[in-house]
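Input: a single structure, listed below in structure tokens.
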Amino acid sequence: MAEYKIRDYRDSDYEVVRELFSHGMSEYVPSVCIHILKQPWVLFVLTCTFLILLCSAKSFILPIMAVTLLLALGRQILGYCWSMYIDHCLNEDLRDIQKTYMEAQGCHFWVADAEDSIVGTVAVKPSDENPEELILKRMSVRKDFRGLGIGKALSREVISFARRGRYKAVILNTLMVQVEAKNMYESVGFKKYLEYVMPTIYGKLINFTISKYRYDILPGS
Ligand SMILES: CC(C)(COP(=O)(O)OP(=O)(O)OC[C@H]1O[C@@H](n2cnc3c(N)ncnc32)[C@H](O)[C@@H]1OP(=O)(O)O)[C@@H](O)C(=O)NCCC(=O)NCCS
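When we follow UniProt numbering, the leftmost residue of the sequence shown carries the number 1, and every step to the right adds one.
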């Protein structure tokens, strides 16, 4: 088993941390595509397009080409929107990690270090809604180091930090496609307390579901 240690973020980690976050998030494009393809209205549009073209052209070539084109276009649009979201994060809290997480009260950033390279990240900051709660962010483990307990260890580091700071809970958000992350948080003791579809037109259209988890820090624990 690979040896790893969890340590505080340093300025020299900057590029690798941002790269790890981008890769971790990009991985979800295929599963989001499948999630969208499973929506009844998407299946309906694709089936109707196929059948209408089949009846009018009396050949399979045109409907197959049209559906393939629609799928390819959808994949491109999703990839573009997803990369815009990643860029947004990179230009938000991940733009100046030192200032955002290492110099601000209640915030922190850790990395998991193995074989002299960074293989995992996690961050924490006080929640905007309730400053007595911390929000866990930027959890990511490099693909070839997954399943070794690094995600759990990073989560526990955040919980210990919250306990030392006398915060009441650690909360976090996951998306409908982040199955490994949900399992991992649940195995650490996080409980799902809210699930909702993003209240925007696009969110409703693609049933973009967010699950909120929390870990309550019991007094004296
Ligand atoms: C989620 C993530 C951080 C987990 O990291 P990890 O180091 O592999 O996690 P761990 O080794 O500590 O895994 C512990 C638990 O996760 C779950 N898990 C891990 N891999 C899994 C998989 N492929 N399928 C299902 N559950 C899985 C299991 O419950 C496991 O518990 P167990 O060992 O008791 O069975 C990692 O998959 C990742 O970086 N994903 C991409 C980025 C991401 O989704 N971040 C979360 C944002 S909220």
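We treat Cβ as the ideally placed atom computed from N, Cα and C, and that holds for glycine.
Query raised in the report: For ARG95, is the beta carbon positioned less than 7 Å from some heavy atom of ligand 1?
Result: Locating residue 95 in the sequence shown gives position 95, where the first residue counts as 1. Checking the Cβ of ARG95 against ligand 1 gives no.
Report task. Using the Cα positions of ALA104 and PRO30, report the straight-line distance between them to the nearest angstrom. Result -> Translated into the one-based positions of the sequence shown, residue 104 becomes position 104. Translated into the one-based positions of the sequence shown, residue 30 becomes position 30. In a straight line, the C-alpha of ALA104 is about 36 Å away from that of PRO30.
Requested in this report: Kindly indicate which residue of GLU157, PRO131 and HIS88 has the alpha-carbon position closest to the one of VAL122.
Outcome: Sequence index remark: in the sequence shown, residue 122 carries index 122 (1-based). Of GLU157, PRO131 and HIS88, the residue nearest in Cα terms is GLU157.
Requested in this report: Determine the direct distance from the alpha carbon of TRP82 to that of ALA72, and round the result to whole angstroms.
Outcome: Position 72 of the sequence shown holds residue 72. Position 82 of the sequence shown holds residue 82. Their backbone Cα atoms lie some 15 Å apart in a straight line.
**Report entry** SER127 versus ALA169: straight-line alpha-carbon distance, rounded
**Finding:** Counting from one through the sequence shown, the residue named residue 127 turns up at place 127. Counting from one through the sequence shown, the residue named residue 169 turns up at place 169. So the two alpha carbons sit approximately 10 Å from each other.
Query - Beta carbon shell of ligand 1 at less than 5 Å from a heavy atom - result: Here the list is GLY24, MET139, SER140, VAL141, ARG146, GLY147, GLY149, ILE150, GLY151, LYS152, THR174, GLN178, GLU180, ALA181, ASN183, MET184 and SER187.
Query raised in the report: How about TYR213 and LEU172: are their beta carbons less than 8 Å apart?
Result: Reading the sequence shown from its first residue, position 213 is the one you call residue 213. Reading the sequence shown from its first residue, position 172 is the one you call residue 172. For TYR213 and LEU172, yes; Cβs fall inside 8 Å.
Report task. Give me the Cα-Cα distance between ILE64 and LEU46, rounded to the nearest whole angstrom. Result -> Residue 64 sits at position 64 when you count from the first residue of the sequence shown. Residue 46 sits at position 46 when you count from the first residue of the sequence shown. So the two alpha carbons sit approximately 10 Å from each other.
Report task. Tell me the start and end of each unbroken alpha helix (DSSP H) in the stretch 137-194 that is at least 4 residues and wholly inside, in chain order. Result -> DSSP runs (the alpha helix (DSSP H)) wholly in the stretch 137-194: 150-164 and 179-188.
Query raised in the report: Does the distance from the C-beta atom of GLY106 to that of LYS125 stay below 8 Å?
Result: Start at 1 with the first residue of the sequence shown, and residue 106 comes out as number 106. Start at 1 with the first residue of the sequence shown, and residue 125 comes out as number 125. Contact flag set, yes.
Query raised in the report: PHE60: buried (16+ other C-beta within 10 angstroms of its C-beta) or exposed?
Result: In the sequence shown, the residue the question calls residue 60 occupies position 60. With fewer than 16 other Cβ atoms within 10 Å, it is exposed.
Query raised in the report: Which residue comes first and which comes last in the beta strand (DSSP E) that contains LYS125?
Result: Locating residue 125 in the sequence shown gives position 125, where the first residue counts as 1. Unbroken beta strand (DSSP E) run through LYS125: 117-126.
Query raised in the report: Expressed to the nearest angstrom, what Euclidean distance is found between the alpha-carbon atoms of ILE36 and VAL42?
Result: For the purposes of this step, residue 36 is taken as the residue at position 36 of the sequence shown. For the purposes of this step, residue 42 is taken as the residue at position 42 of the sequence shown. So the alpha carbons of these two residues sit roughly 7 Å apart.
**Report entry** C-alpha gap between TYR4 and ILE118, whole angstroms
**Finding:** Numbered from 1 along the sequence shown, position 4 holds the residue referred to as residue 4. Numbered from 1 along the sequence shown, position 118 holds the residue referred to as residue 118. Rounded to whole angstroms, TYR4 to ILE118 spans 9 Å at the Cα level.
Query raised in the report: Does the beta-carbon of LEU20 have 16 or more other beta-carbons within 10 angstroms, so that it is buried, or is it exposed?
Result: For the purposes of this step, residue 20 is identified with residue 20 of the sequence shown, where counting begins at 1. By the neighbour-count rule (16 or more Cβ atoms within 10 Å), LEU20 is buried.
Requested in this report: Just confirm the distance between the C-beta atoms of ASN207 and VAL197, as a whole number of angstroms; I'd bet it's less than 8 Å.
Outcome: Position 207 of the sequence shown, counted from the first residue, corresponds to residue 207. Position 197 of the sequence shown, counted from the first residue, corresponds to residue 197. Indeed they touch by this definition, with Cβ atoms about 6 Å apart.
Requested in this report: Tell me where the alpha helix (DSSP H) around ARG18 begins and ends.
Outcome: In the sequence shown, counting from the first residue as 1, residue 18 sits at position 18. Element bounds for ARG18: 14-26.
Query - Coarse secondary structure for SER56, derived from DSSP in three states - result: Taking the sequence shown and counting its residues from 1, the one referred to as residue 56 is at position 56. Three-state DSSP puts SER56 in a helix.
Query raised in the report: Can you tell me whether DSSP reads residue 225 as helix, strand or coil?
Result: Residue coverage of the chain in this structure runs from 1 to 221, which leaves residue 225 outside it and unanswerable.
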